[in-house]
Amino acid sequence: MTSLDFSEPSTFLWTAAGLLFALAAVAALAEHRRTRRRHLDRVGWVPWNLVQVLAFMGSVVALALAIKAG
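Anchor point for the sequence shown: position 40 equals 39 in numbering that gives the first Met the number 0, and the numbering is continuous, going up by one each time.
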């Protein structure tokens, strides 16, 4: 098994794109759970829609830069 070598910018960008996309997926799941809650008064404090959009946009930017870095 090989370890990740972050000395290459493309490796770092591919990893960042994957992690940001995973964060966007978790935020989508959390928002879905928040909208389907039983106790309507227990809203929560995390703006999951904003987290999802920002993580997805960051993922797209990191993906584009990773492709460009080759």
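Backbone N, C-alpha and C fix where the C-beta goes; we use that ideal spot for every residue, glycine too.
Beta-carbon proximity check, G57 vs L19, cutoff 7 Å: yes
Member of L3, P8, A27, V45 whose CA lies at the smallest distance from the CA of K67: P8
Outcome for L3 when other beta-carbon atoms lying within 10 angstroms are tallied against a minimum of 16: exposed
Nonlocal neighbours in the same chain, by C-beta distance under 7 Å from A15, ignoring five residues either side: A61
Backbone CA spacing between R37 and W13 [nearest angstrom]: 39 Å
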